[in-house]
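Remarks on the structure that follows.
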Amino acid sequence: MINGAMMRVVALVLVLTAVFALDVVGAGCATTPPTELAKQADGHREVALALVHEADKAAETGDTSLQDSKYREALRELLEGEKTGAMDADGRYLLGLVYFIGFHRHEDAMKNLQLAVDLRQKERQEEYPEAENLMGAVLVDAGKPQDSIAHFEKA
Numbered sequence: 029m030i031n032g033a034m035m036r037v038v039a040l041v042l043v044l045t046a047v048f049a050l051d052v053v054g055a056g057c058a059t060t061p062p063t064e065l066a067k068q069a070d071g072h073r074e075v076a077l078a079l080v081h082e083a084d085k086a087a088e089t090g091d092t093s094l095q096d097s098k099y100r101e102a103l104r105e106l107l108e109g110e111k112t113g114a115m116d117a118d119g120r121y122l123l124g125l126v127y128f129i130g131f132h133r134h135e136d137a138m139k140n141l142q143l144a145v146d147l148r149q150k151e152r153q154e155e156y157p158e159a160e161n162l163m164g165a166v167l168v169d170a171g172k173p174q175d176s177i178a179h180f181e182k183a
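In C-alpha cells, the structure reads:
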C-alpha cells in the first residue's frame with residue numbers, strides 16, 4: 029500500500045508534468061479571435077506560468093521562502109486575469125494548480141479545475157485529462173482517495 033507521502037510525491041510529479049504541458053498548449057479556440065479581455069487574461073496567465081516555473085526552480089534548490097513568494101505572485105496574476113471575466117480553461121487549470129500546490133486550498137483548486145474541464149469542453153469540445161488528473165491528485169491529498177478514482181480514470 030502506498031502511504032500519504034508517496035502519494036503526494038506521485039501527485040507532484042504528475043502536476044509538474046501537466047504544468048509543462050501548458051507551455052505547449054495554445055490558448056483559446058483556434059477559430060475565434062481573442063477579445064481584448066481574453067488577451068489580458070492570457071497575459072496574466074503567461075506571467076503566472078513563468079512565476080510557477082520560478083517557484084518550481086526555487087523548490088528544487090530548497091528555497092521555500094522564494095517558492096512561497098513566487099506562488100503568491102502567481103496567484104495575484106491569476107486573480108487579476110480572473111477579474112477580466114475572460115479566463116480560459118488553461119487559466120482556470122493553472123489557478124487550480126496554484127491553489128493546490130502553492131496553498132493546499134483543496135476546495136478552491138477543485139472549483140477551478142472543474143471550471144477548466146467545463147470550459148475546455150465548451151471551447152474546444154475536448155476532454156481535459158490534465159485537469160482530471162490534477163483533480164484526482166487534489167482529492168488524494170485531501171484524504172479522499174476513493175473520490176479520486178473517477179478523475180484518474182478520465183485522465
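For our numbering, count along the sequence shown from 1 and bump the result up by 28. Glycine included, every Cβ here is placed at the ideal spot set by N, Cα and C.
Contacting residues, own chain, Cβ-Cβ under 8 angstroms from E154 (five flanking each side not counted) | In chain order, R148 place their CB closer than 8 angstroms to the CB of E154, counting only its own chain and leaving out the 5 sequence neighbours on each side.
Classify S93 as buried or exposed, calling it buried when 16 or more other Cβ atoms lie within 10 Å of its own Cβ.
-> exposed
Indicate the three-state DSSP secondary structure (helix, strand or coil) for Y156 in the structure shown.
-> coil
Rounded straight-line distance, which links the Cα of P173 to that of R104 = 30 angstroms
State buried or exposed for K111, treating a residue as buried only when at least 16 other CB atoms are found within 10 Å of its CB.
-> exposed
Span of the alpha helix (DSSP H), counted from its first residue to its last, around G90 = Unbroken run through G90: none, as it is neither H nor E.
Neighbour-count burial assignment, A178, 16 or more Cβ in a 10 Å radius | exposed
Given a cut-off of 9 angstroms, decide if D136 and Y127 are closer than it, judged by their beta-carbon atoms.
-> Cβ atoms of Y127 and D136: closer than 9 angstroms.
If you follow the alpha helix (DSSP H) that D116 is part of, which residue opens it and which one closes it?
-> Unbroken run through D116: none, as it is neither H nor E.
Below 7 angstroms CB to CB, which residues in the same chain sit around G113 once its five sequence neighbours on both sides are set aside?
-> L65
Reduced DSSP secondary structure (H/G/I, E/B, other) of G171 | coil
Beta-carbon proximity of L123 to A76, cut-off 9 angstroms | For L123 and A76, yes; Cβs fall inside 9 angstroms.
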